[in-house]
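Its first residue numbered 0, the sequence shown is counted upward by one per residue in the numbering used here. Idealized CB from N, CA, C, for every residue including glycine. It should be emphasised that the depicted structure is a prediction, and the values quoted were computed from it without experimental measurement.
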Amino acid sequence: MRIARLTGACLLGLLCLVVPKLAFAGGVVELFGASSDLGDGLFGVVNQSTGAFTQRGTTPTGQQMPALACNASQALFGSENRTVTAPMTPVAGGSRCGFLVGLNPTTGAVTQSFGFITLAGAPNSCLRVSDFDFNPANGVLYGVASANSTRDGLFTITLTTPPVATLVGLLDPSCTTNCIERGGLAFRDDGALFLASINGDLARLNPADASIVGSILPDVTNCAEAATFRNSDDVMFVDECDGDTLWTVDENTGQETVLTSDPGESLASLAFCGDRGGVVGGVTPTPTPTVPGPTATPTATLTSTPITGVPAAVPTMSGLTLVLFGTLLAAGALLSILRVRS
Numbered sequence: 000m001r002i003a004r005l006t007g008a009c010l011l012g013l014l015c016l017v018v019p020k021l022a023f024a025g026g027v028v029e030l031f032g033a034s035s036d037l038g039d040g041l042f043g044v045v046n047q048s049t050g051a052f053t054q055r056g057t058t059p060t061g062q063q064m065p066a067l068a069c070n071a072s073q074a075l076f077g078s079e080n081r082t083v084t085a086p087m088t089p090v091a092g093g094s095r096c097g098f099l100v101g102l103n104p105t106t107g108a109v110t111q112s113f114g115f116i117t118l119a120g121a122p123n124s125c126l127r128v129s130d131f132d133f134n135p136a137n138g139v140l141y142g143v144a145s146a147n148s149t150r151d152g153l154f155t156i157t158l159t160t161p162p163v164a165t166l167v168g169l170l171d172p173s174c175t176t177n178c179i180e181r182g183g184l185a186f187r188d189d190g191a192l193f194l195a196s197i198n199g200d201l202a203r204l205n206p207a208d209a210s211i212v213g214s215i216l217p218d219v220t221n222c223a224e225a226a227t228f229r230n231s232d233d234v235m236f237v238d239e240c241d242g243d244t245l246w247t248v249d250e251n252t253g254q255e256t257v258l259t260s261d262p263g264e265s266l267a268s269l270a271f272c273g274d275r276g277g278v279v280g281g282v283t284p285t286p287t288p289t290v291p292g293p294t295a296t297p298t299a300t301l302t303s304t305p306i307t308g309v310p311a312a313v314p315t316m317s318g319l320t321l322v323l324f325g326t327l328l329a330a331g332a333l334l335s336i337l338r339v340r341s
């Protein structure tokens with residue numbers, strides 16, 4: 000009887016140790032944001048209920064950071080708009096391009112610098128990315144930016160030094176007038192890709208060619224520049240240009256609900272971390288001999304090279320199996336105790 004009691008107690012203790020570890024191994028789900036301010040960029044978290052912004056640090060050089068994204072290993076990346084010098088030239092003009100970095104989510108400090116996001120086949124040309132996100136189906140980073148002086152496009156972006164952007168296709172490639180423009184880009188956890196545009200439209204994009212899936216939903220917002228999904232309930236969060244208003248949006252109907260009209264900081268980007276799923280991977284650049292134009296076709300070659308130095312996503316199926324096995328053992332031990340006592 001004493002042995003049975005000890006065995007049952009030990010198994011129950013083991014079960015108690017295993018279950019909390021599995022329950023909290025994924026970490027805290029947080030909504031990160033970075034500001035659109037030039038010369039005074041802030042980094043922090045956004046309250047998911049009230050929309051209020053709490054600062055944790057600053058952007059790397061104090062410039063605006065229009066793109067944030069977490070991958071399946073919960074590693075956070077950002078693109079900060081920095082001034083370029085010759086011979087680097089921004090696509091579609093201007094003086095700034097996106098500089099890709101890895102970020103410490105606690106402080107906003109840079110953990111890795113990748114460099115300016117260059118254009119495949121034109122290493123002295125760079126992109127000013129308006130937003131990006133990781134495809135959970137293959138781990139590839141996708142972004143939206145100006146493809147030329149008149150049209151915006153969807154790109155894949157390598158996590159290399161320097162990063163290389165390859166044009167997947169112009170946004171809504173069959174469009175001829177009043178075409179949808181760049182804005183907030185977000186993958187749902189099932190791999191569906193959505194764009195909340197700076198011209199107020201909401202559309203689902205085909206990641207293979209940037210074509211529209213279904214219909215464009217007009218006038219969802221006046222202007223959107225950031226978007227992200229919360230995986231736990233598939234709620235889409237959208238940020239107005241210059242960060243004046245935060246919404247939750249039904250991506251199927253375009254119905255929007257105001258979260259706040261004053262987050263406390265003019266936000267340029269949003270990204271959830273702690274609940275990212277999918278594949279950790281990347282994309283190998285295949286440069287083309289000329290700068291992609293309006294009729295360019297995708298040239299990305301998908302790979303499954305993992306990013307090192309970041310924690311693996313948890314929990315796993317083996318952990319769930321361990322819980323079930325421990326539960327069965329504990330139940331057997333309790334039955335043994337009851338039989339001995341009776």
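**Study point:** Given A51 as reference, the closest of A270, F42, T259 and I197 once Cα atoms are compared
**Key:** It is T259 whose Cα lies nearest to the Cα of A51.
Exercise for review: Measure from the alpha carbon of V237 to the alpha carbon of each residue in A119, G281 and A66, then state which is nearest.
Suggested key: Ranking the options by Cα distance to V237, first place goes to A66.
Review point. Among the residues of its own chain, which have a CB less than 6 Å from the CB of S145, if the five just before and after it don't count?
Key: Excluding residues within five positions, the ones whose Cβ falls inside 6 Å are V90, A91 and D151.
Check your understanding: From G26, V128, F186 and G56, pick the residue whose C-alpha is nearest to that of V109; which is it?
Key -> When G26, V128, F186 and G56 are compared, the shortest CA-CA separation from V109 is found for G56.
Practice item. Spell out the partners DSSP gives E255 in its beta bridges. Key: Beta-bridge pairing links E255 to V248.
Practice item. Using three-state DSSP, classify C222 as helix, strand or coil. Key: C222: coil per DSSP, three-state reduction.
Review point. According to DSSP, which residues form a beta bridge with M64?
Key: Partner(s): none; M64 has no beta bridge.
Exercise for review: Measure the CB-CB distance between F186 and D132 and report whether it falls below 9 Å.
Suggested key: Yes, they are a contact pair.
Practice item. Could you check which residue in G213, I211 and E255 has the C-alpha nearest to that of T220? Key: Per the Cα distances, E255.
Practice item. Please say whether P172 and A209 have beta carbons closer to each other than 9 Å? Key: Between A209 and P172, the C-beta spacing is below 9 Å.
**Study point:** N103 versus G120: straight-line alpha-carbon distance, rounded
**Key:** Computed Cα separation, rounded: 32 Å.
Review point. Which residues in the same chain have their Cβ closer than 7 Å to the Cβ of A191, if we skip the five residues on either side of it in sequence?
Key: For A191, the CB contacts under 7 Å within the same chain, skipping 5 residues up- and downstream, are R203 in chain order.
Practice item. State buried or exposed for N177, treating a residue as buried only when at least 16 other CB atoms are found within 10 Å of its CB. Key: Its Cβ having fewer than 16 others within 10 Å, N177 is exposed.
Practice item. Enumerate in chain order the residues of its own chain whose CB-to-CB distance from D241 is below 7 Å, with the five nearest sequence positions on each side excluded. Key: Here the set comprises S35 and S265.
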